[in-house]
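Here is the structure we will look at, set down as structure tokens.
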DNA sequence: GCTCCTTGGGTTTTT
DNA sequence: CCCAAGGAGC
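Residue numbers (our numbering): 178 to 853.
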């Protein structure tokens, strides 16, 4: 694959003015982007004046890797390759003054924001018991922010959640400001606002970039488009690459209109369609085309054409229940690895050729257990990441306070971890004192001994503060982070808290901490960035905690995080109504801020299908066991209308005979299906 | 009175 | 797995 096809070449050669590249799945999109950047560099464009934005950190890192052989190590590292969010961080780090935060800011991740909102709601006397859907508030505020809707111009609506969100929104903005904090949305929105208001900075950032490229453009939101428009306003050298058929982030405010209306937004744009598919065998593409053709949503018409020719049919597998579905996949993977009957041509497959994809992360839980038992090694994408683990977040919070003692949220988090007698009462006392004397939380805490708290609590607090100060001083004199952290955690009793736990959970926590320490060790040996920058990278999930592609493991991934990946063999599991499409998109709850509809679920299914190179399994269970009974499950509507000549139907036999209960359920199910 | 620990119910998707 | 309620203990 050394040459480029005519469409790809056209995209690479067009270097001036706006261009939209409609890149179907597997059409060599990344190749076009990397070659186009190389061509620009070839033509004498300075690498540091090229900005290429991708959606995930993984994609950005991979892009840089791919640039190295094309333009060399040095130039590859001069390019601005980042996500929107890390671009925002760099912008704000450089323009902190314009942010109005006196030269420092902290980044709140989603967990921080939820915590803050919960606190605000409690203060406002709104009960937040577990029946209350906190995400309903978080996502509303996020959507408003990304659409530049300030509290004043949010429209009035009647639903309870809308009204609560509307009431909390201004308080939330105030509190962020008082804590010198930005949330993820601010990382895009604030740079836009700054450029709109400040002519000098607008000029500066516009002059910096001669060419801008955006990958996965179908997933950009209003704020992200605004950011891009600000930067390319004068030269209009913008090239966006995307596929409206793979737009799957409507729920978080992505506006597919950005790609559908591109030619209106950027007049005179050249449009290139990439429809030749270099990834999947013909039957897989026939299924993919059939799936997406049923979409009712407006789309840029495309047909994927196979470059790799024919192959095994897509296997649609029915199993009696979800347990059998799991067991079937495990058995099949074993067989594929041995090169048994399941494997076309009897070719033995590697674990790393295989992926299991699912709609929601909870589905992975069941698989993990089975894979462990079956001795199949796996890695998981998405789900709870290393840096989302409680014990890891705690340690990060310690370091955030070392880095910036005014980081109030982190300080409060560690104050009573491990328990030091700082309950809600002591916290309130400190807070009230600060409010009365115009002092920050940290400053008030330093006067702890004069406050009305138990002697023991005061002493514990002072000990914590001095341990933090010791760590801060040590880092300033150049001591390694790993060593400083170890000592800090010992002095503050964190280590003994973790080591006291003799259970399996405690064991896992220690492992996670060991992983984190490895990150610190790498940080110490490289010495390339500051602690503040490391913490920012961790907040943005740019720090992954080491990945090793050479390991022979199967991949478990949600459909969302599988975008951009490819595997020889894909098991797309849980193809049943309620799961795919997910129940909440079929009948949206009142709490859902941005109902996205069934077509987004169809595109999600389409994304899953197009991840497969050679062999695709679509599996479903006919029933789900719960409380001794088996509730029927029905095949996903996306399995309807697939071309007969491209698919094969299988029924995986149950391991034991069906119980009378199950027989009855099965009969019910058949009847229900016939009636439909 | 205040803090700590256990228990039990609920979980779409992620930068 | 994460959080809020509720009861025991200081």
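Where is the CB? At the ideal position from N, CA and C, for every residue including glycine.
Look at residue 455 here: in three-state DSSP terms it is coil, with no helix or strand label. Scanning 196, 800, 691 for the CA closest to the CA of residue 443 turns up 196. With respect to the 8 Å criterion, residue 497 and residue 800 are classified as neighbours on the basis of their beta carbons. Put simply, of 469, 486, 820 the residue whose alpha carbon is nearest the alpha carbon of residue 478 is 469. If you draw a straight line from the Cα of residue 546 to the Cα of residue 754, it comes to about 24 Å. A Cβ-Cβ distance of about 6 Å is found for the pair residue 564 and residue 718, placing them in contact under the 8 Å criterion. The three-state reading of DSSP puts residue 311 in helix, counting H, G and I together. The DSSP-derived three-state label of residue 227 is strand. In the assembly as shown, residue 265 is a buried residue. Its beta-carbon has 16 or more other beta-carbons within 10 Å. Remark: C-beta atoms of residue 492 and residue 825 approach each other more closely than 8 Å. The stretch 448-496 contains, as complete beta strand (DSSP E) runs of 3+ residues, the segments 491-496 (chain order). At a Cβ-Cβ threshold of 8 Å, residue 757 and residue 777 do not count as neighbours. Scanning its chain for C-beta atoms nearer than 7 Å, with the 5 sequence neighbours on each side dropped, one finds around residue 480 the residues 452, 466, in chain order. The count of Cβ pairs closer than 8 Å, one atom from the stretch 507-526 and one from the stretch 536-553, reaches three, so the stretches are in contact. Under the 8 Å Cβ criterion, the stretch 564-576 counts as touching the stretch 686-704, having at least three qualifying pairs. For residue 711, the CB contacts under 6 Å within the same chain, skipping 5 residues up- and downstream, are 700 in chain order.
With the rule of 3 Cβ pairs closer than 8 Å, the stretch 294-303 does not count as touching the stretch 407-417. Shortest Cα-Cα distance from residue 617 to any of 630, 602, 631, 589 involves 589. Per the C-alpha coordinates, the member of 606, 233, 482, 454 positioned closest to residue 391 is 233.
Within the model, the alpha-carbon separation for residue 593 versus residue 374 is close to 42 Å. For residue 259, the CB contacts under 6 Å within the same chain, skipping 5 residues up- and downstream, are 237 in chain order. Boundaries for residue 303: no alpha helix (DSSP H) harbours it, and the DSSP string shows neither H nor E there. Following the DSSP letters along the chain, one finds residue 439 inside the alpha helix (DSSP H) bounded by residues 439-442. In the structure shown, residue 193 falls within a coil segment according to DSSP collapsed to helix, strand and coil. Counting other Cβ atoms within 10 Å of its Cβ, residue 612 stays below 16 and is therefore classed as exposed. With 16 or more other CB atoms across the displayed protein chains lying within 10 angstroms of its CB, residue 815 is buried. In this structure the stretch 787-795 does not touch the stretch 427-444; the number of beta carbon pairs closer than 8 Å is below three.
According to the DSSP assignment, residue 734 belongs to the beta strand (DSSP E) that extends over 731-735. Listed in chain order, the non-local C-beta contacts of residue 812 below 6 Å within the same chain comprise 797, local neighbours out to five positions each way being set aside.
For residue 419, the closest alpha carbon among the candidates 673, 744, 209 is that of 209. Apart from sequence neighbours up to five positions away, the residues of its chain that approach residue 521 with a beta-carbon distance below 8 Å are 488, 489, 791, 792, ordered along the chain. In this structure, residue 595 places its C-beta atom within 8 Å of the C-beta atom of residue 671.
Collapsing the DSSP output to three states places residue 686 in a helix. Between residue 269 and residue 229, the gap from beta carbon to beta carbon reaches 8 Å or more. Residue 706 carries a coil assignment under DSSP once its states are collapsed to helix, strand and coil.
The three-state secondary structure of residue 273, taken from DSSP, is helix.
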